[in-house]
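A.B. asks: Take a look at the following structure, please.
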Amino acid sequence: MTEIRTPRLLLRSWHDDDLTPMADINADPRVMRWTDDGSVRDLDHTAEDIERWEEEWDEEGFGLFAVELLASGELIGFTGLSVPEFLPEVMPAVAINWRLGSPFWGQGYASEAAQATLEFALQDRGLDRVISISRMGDNASENVIRKLGMTPERETTHPVYGYPLRVHAIDLTEFQA
1 MTEIRTPRLL LRSWHDDDLT PMADINADPR VMRWTDDGSV RDLDHTAEDI
51 ERWEEEWDEE GFGLFAVELL ASGELIGFTG LSVPEFLPEV MPAVAINWRL
101 GSPFWGQGYA SEAAQATLEF ALQDRGLDRV ISISRMGDNA SENVIRKLGM
151 TPERETTHPV YGYPLRVHAI DLTEFQA
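So this is what it looks like as structure tokens:
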């Protein structure tokens, strides 16, 4: 699996000792507010998530990176790529995702990690297009999406939870411009 270094972050594979800090992130209602039905996740669910994310690397050649602060070695969340199968109307597609612990919000870490992930997708993995799916009202994610140069493509509704979503996209030619 690829590792990516940015000025402040290491995007890397998952380690056994990442489970507890990621479970702590997933247990924060502020973090999970915009995810699925907004429910927090426990240690067992987080372990299942990490296992699934690792399998996606094997199956797709991409997945979700653990995001670590270079200065401290602390896990602050994830960023990466996934296939958004939950939203069949956008398929085939690859989506960029991130989730950081709330102590790390507002410091530019999400934008830094997402930019590195977007470059990885379009330059290293040879994807022609990447999307991002955000829940309407999640202004923090919308800000990251704008910084990536992604533009709104469509509005839709989450097929399970019924809330409004916005799909953004960027293609290789827009990224290179």
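Count the sequence shown with full-length UniProt numbering and you get residues 1 to 177, in order.
Using N, Cα and C, we set each Cβ at its ideal position, and we do this for glycine too.
(1) Check whether the Cβ atoms of V130 and A121 lie closer than 9 Å to each other.
(2) Can the beta-carbon of L127 be found less than 9 Å from the beta-carbon of A113?
(3) Whole angstroms are fine: how far does the CA of T173 sit from the CA of E55?
(4) Nearest CA to the CA of T2: which residue from D124, D42, L70 and E155?
(5) Going by other Cβ atoms of all chains shown within 10 Å of its Cβ, with 16 needed for buried, is N117 buried or exposed?
(6) According to DSSP, simplified to helix, strand and coil, what is A95?
(7) Have a look at the DSSP bridge pairing and note the partners of R135.
(8) Count the CB pairs spanning the region 50 to 65 and the region 80 to 93 that are closer than 8 Å, and state whether there are at least three.
C.D. replies: This is what the structure holds:
(1) yes
(2) no
(3) 30 Å
(4) By alpha-carbon distance to T2, the top candidate from D124, D42, L70 and E155 is D124.
(5) It is worth fixing the name first, because residue 117 is Thr in this sequence and not Asn. When all chains shown are included, T117 counts as buried.
(6) strand
(7) L165
(8) yes
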